[in-house]
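Protein chains in written order, with this note's numbering: chain F, 79 to 353; chain L, 70 to 265.
Next comes the structure, spelled out in structure tokens:
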């Protein structure tokens, strides 16, 4: 799948769902590790995740068959993701509902955080397919690391008063490290007929660089100096660029590409002597 | 048991496209994306390599990535190895297109579902050859029926320059290398050079 229009609902779905699940997971972490309760983050996370799931229907050719997506549970990574998305949303909605009703439950937030983190892992696994050249290796970890980084930046900036917590800086630094490996892998790929089939591929470094600075570098330094709401805006923009670049830079293995690469290599092969 | 599949004789295939046309007519795919395509290797005739054609469609893999990835169970591998797609179960999520290392399933915009070659299962069940095989004027494309012995086809290769299996799906497509002194020599030297 290389046409951009087909990717739009996926960019919107994954950006919203990763942001939402990241918020819920980060809220659980801050509550369990630092005692910072952020009911708004759990509620906002649930709303974002629900919005993402609604948008994801736009990607389906037969929307009313969406329920069939559960049939492949245990076998298909996509079914696992769909099921975990449902569970994560239900748990986050329950935790947010308890908060709204004035009966905050630490266990409910913890379960919601764990399920949302599991959902983030499942998003990465969906795209860990061997036929895709730019989705290998560290790409599978970026939904988890990026989602947690966004969530941690948002909760730290909007809920924590006082010092910046070391955990937040570590989560952002871990995402920067993981993403830099993905960036290095993509930047190291040769410009061949196969990779150039994708018109975005030639712009891969500016695109991935923008994501790196918006989601990791700028918020990190803003947090290190003084937490400011702009850090959240920057991280959100970074997450959108992350998802856009993920799909825009897809390079699928095909027999056409394989042939093009063999033909390119022929140029460097000595012509065998005529016997 | 080895499943049903195709055998392509690279020496005989002249790239005429009769297989593509036959597939389109048989399966009513005249105005939609073709399930089979004929790809040329070294059509510009670089002297270091042979020129040949690869007629490819769904490879009815041993371990189909489409089947494994499909969330709705729209794919089925029959006992004879043919991988069929059930439109009535398809969500149109296009995940099979991403997971297939040959990008074989195609999206049908009008129907909102995926589709792919089913090895003319309706013809095979009736004891006939698939349309593409039946139409091949040089008998370069052949049908290999499911075998209980699992014996390999003599002289057939699973991979040739220009055809790789990066996901280890085990495509049920075998190749006979180009024959003739010069072409065979170029083919062998290309294979060896690519191995290096």
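Idealized CB from N, CA, C, for every residue including glycine.
Distance check between residue 175/F and each of 334/F, 208/F, 123/F, 296/F places 123/F closest, using alpha-carbon atoms only. The DSSP-derived three-state label of residue 216/L is strand.
Between the alpha carbons of residue 250/F and residue 85/L lies a distance of about 57 Å. DSSP places residue 101/L in the coil class of the three-state scheme, outside both helix and strand. Residues of the stretch 301–332 of chain F with a Cβ closer than 7 Å to any Cβ of chain L, in chain order: 330, 331, 332.
Distances from the alpha-carbon of residue 227/F to those of 298/F, 269/F, 265/F put 298/F closest. Restricting attention to 76/L, 101/L, 97/L, 140/L, the CA atom closest to the CA of residue 177/L is found in 101/L. Within chain L, the residues placing a beta-carbon under 8 Å from that of residue 347/F are 117, 118, 258, 259, 262, ordered along the chain. Contact check for residue 73/L against residue 214/L passes: the beta carbons are separated by less than 8 Å. Three or more beta-carbon pairs separated by less than 8 Å link the stretch 202–219 of chain F to the stretch 241–260 of chain F, which places the two stretches in contact.
Membership of residue 145/L in the beta strand (DSSP E) is indicated by the continuous run 144–146. For residue 154/L, the enclosing beta strand (DSSP E) starts and ends at 152–154. With distances taken between CA atoms, residue 92/F lies nearest to 136/F out of 278/F, 111/F, 108/F, 136/F. The C-beta distance from residue 278/F to residue 327/F rounds to 6 Å, short enough to meet the 8 Å contact threshold. Residue range 220–237 is occupied by the alpha helix (DSSP H) that includes residue 232/F. When the beta-carbon positions are compared, residue 225/L and residue 244/L come within less than 8 Å of each other. Apart from the 5 residues on each side of it in sequence, residue 285/F sits with its Cβ closer than 6 Å to the Cβ of 323 in its chain, given in chain order. Using a Cβ-Cβ cut-off of 8 Å, residue 123/L counts as an interface residue toward chain F, since at least one Cβ of chain F sits closer than that to its own. Contact between the stretch 190–200 of chain L and the stretch 112–123 of chain L is not established, with fewer than three Cβ pairs separated by less than 8 Å.
Residue 279/F: not part of any alpha helix (DSSP H); DSSP gives it neither H nor E. At least 8 Å separates the beta-carbon of residue 245/F from that of residue 103/F.
Taking a Cβ-Cβ cut-off of 7 Å, residue 79/L has no neighbours in chain F, whose nearest Cβ is about 13 Å from it. Taking a beta-carbon distance threshold of 8 Å, residue 103/L does not count as an interface residue toward chain F. CA-to-CA, the gap between residue 287/F and residue 100/F works out to about 22 Å.
Closer than 8 Å to the CB of residue 271/F there is not a single CB belonging to chain L. Going by C-alpha positions, residue 291/F is about 12 Å away from residue 300/F.
The way I'd put it, the stretch 117–133 of chain F doesn't touch the stretch 198–212 of chain F; fewer than three beta-carbon pairs between them come closer than 8 Å. Per DSSP, residue 205/F is not a residue of any beta strand (DSSP E), being assigned neither H nor E. In the DSSP annotation of this structure, the continuous segment of the beta strand (DSSP E) that includes residue 182/L starts and ends at 182–184.
In this structure, DSSP gives residue 244/L an extended state, which the three-state scheme calls strand. Residue nearest to residue 229/F within the set 97/F, 173/F, 87/F, 302/F is 97/F (criterion: CA-CA distance).
Here residue 209/F is buried. Its C-beta has 16 or more other C-beta atoms within 10 Å. Spatial neighbours of residue 103/L in its own chain (CB-CB distance under 7 Å, excluding positions within 5 residues in sequence) are listed in chain order as 89, 92, 93.
Under the 8 Å criterion on CB atoms, residue 232/L is classed as interfacial with respect to chain F. Nearest Cα to residue 118/F within the set 234/F, 185/F, 145/F, 140/F: 234/F.
The beta carbons of residue 164/L and residue 138/F sit no closer together than 8 Å.
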